[in-house]
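Written below as structure tokens is the structure these notes are about.
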């Protein structure tokens, strides 16, 4: 834009110089008409060129203003997003709010994958402890509890020094181990109908990956305490596996019921066959008796007819 202004200024200066020279020539030629006409033409030509340059400059300035306006709008939107993200980050600093978010997401995923009869939320055990959710299976109920070890993870993610990262990694893993022990102690209760394992649901994929990639000891603790780690993505597949297992068992149960029904139908068919044989025997006996009765009836009719004829003969 500065280059264009410089060009315009130079053009104006050239224009003034030309006019000055032209006027001087005119004066020296005693106002020669032909020189005046040429000057007029030159002035008009330069005026047209300056008008064109001015128009192009105005167009570019308009476009530049539009671009600047668009950029300003985008910057404003980005600043608004930044403020929203900062607000969300401040909200997530509250452990209770993080827990509520995790519980809500867990409940939504259960609702989308299971009928209400197969799961429950905020399930209370006999001693009063409340787990975020349970899934009912034939082997027992599976406890699922949402945990969000965020504080030390955020410190770990923002730390730039190796020493600091090592320190916050230890603190982060310490938090996770505490959650594992709490879940195992509070919710794995076979005497109250649970299976012999529980599920620790981690609402953040980033936190989940930090857990599963970080420490072999953490996996040993989880295996020892029988606590499984799942994230939003892996929870979906975990629930699908459970659902498929339930469907498989339901199919096996239905197959057994069908086989039992078929076996019962077979027995009923055998009994019906025996009854049919008995009935057929009775029918055969009845037919034989009917045939005998029919023969006896014919013989009796013939005898009666002979008696009638004898009676007629005696009367005559």
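Residue numbers (the numbering used here): 1 to 316. Using N, Cα and C, we set each Cβ at its ideal position, and we do this for glycine too. Predicted model only: the values in this text are computed from it and were never measured.
Local conformation of residue i per DSSP, three classes
i	result
residue 298	helix
residue 305	helix
residue 126	coil
residue 231	coil
residue 180	helix
residue 288	helix
residue 161	coil
residue 135	strand
residue 89	With a pLDDT of 47 at residue 89, under the threshold of 50, the predicted position of this residue should be treated as unreliable, though the coordinate-derived value follows. Three-state DSSP puts residue 89 in a helix.
residue 199	strand
residue 117	helix
residue 188	coil
residue 225	helix
residue 244	helix
residue 150	coil
residue 31	Because the pLDDT at residue 31 is just 48, under 50, the model does not fix this residue reliably, and the point stays unresolved.
residue 104	helix
C-beta atoms of residue i and residue j nearer than 7 Å
i	j	result
residue 230	residue 180	no
residue 130	residue 143	no
residue 363	residue 145	Since the first and last residues shown for the chain are 1 and 316, residue 363 lies out of range.
residue 152	residue 239	no
residue 201	residue 110	no
residue 192	residue 123	no
residue 168	residue 159	yes
Reference residue i, options the options, closest by Cα
i	options	result
residue 225	207, 134, 185, 139	185
residue 197	176, 288, 183	183
residue 141	188, 219, 274	188
residue 118	138, 124, 105	138
residue 194	274, 167, 147, 136	136
residue 172	63, 107, 213, 190	213
residue 234	218, 244, 209	209
residue 104	148, 219, 166, 281	148
residue 206	286, 295, 298, 157	157
residue 223	177, 281, 155, 302	177
residue 217	154, 190, 170	170
residue 174	211, 228, 164	211
residue 232	204, 271, 63	204
Residue(s) in a DSSP beta bridge with residue i
i	result
residue 56	For residue 56, which the question treats as bridged, DSSP gives no partner whatsoever.
residue 140	137
residue 145	200
residue 194	141
Environment of residue i [buried if 16+ CB atoms lie within 10 Å]
i	result
residue 199	buried
residue 127	exposed
residue 304	exposed
residue 290	exposed
residue 84	Because residue 84 sits at a pLDDT of 44, beneath the cut-off of 50, its placement in the model cannot be relied upon, and the following sentence gives the value as read from the coordinates. Exposed, since its Cβ has fewer than 16 Cβ neighbours within 10 Å.
residue 237	exposed
residue 298	exposed
residue 241	exposed
residue 244	exposed
residue 306	exposed
residue 295	exposed
residue 98	For residue 98, the pLDDT reaches just 48, beneath the cut-off of 50, and the residue's location in the model is therefore unreliable, although a value from the coordinates is still provided. Buried, because 16 or more other Cβ atoms sit within 10 Å of the Cβ of residue 98.
Chain D contact for residue i (CB, 7 Å cutoff)
i	result
residue 210	The structure shown contains no chain D; it is built from a single protein chain.
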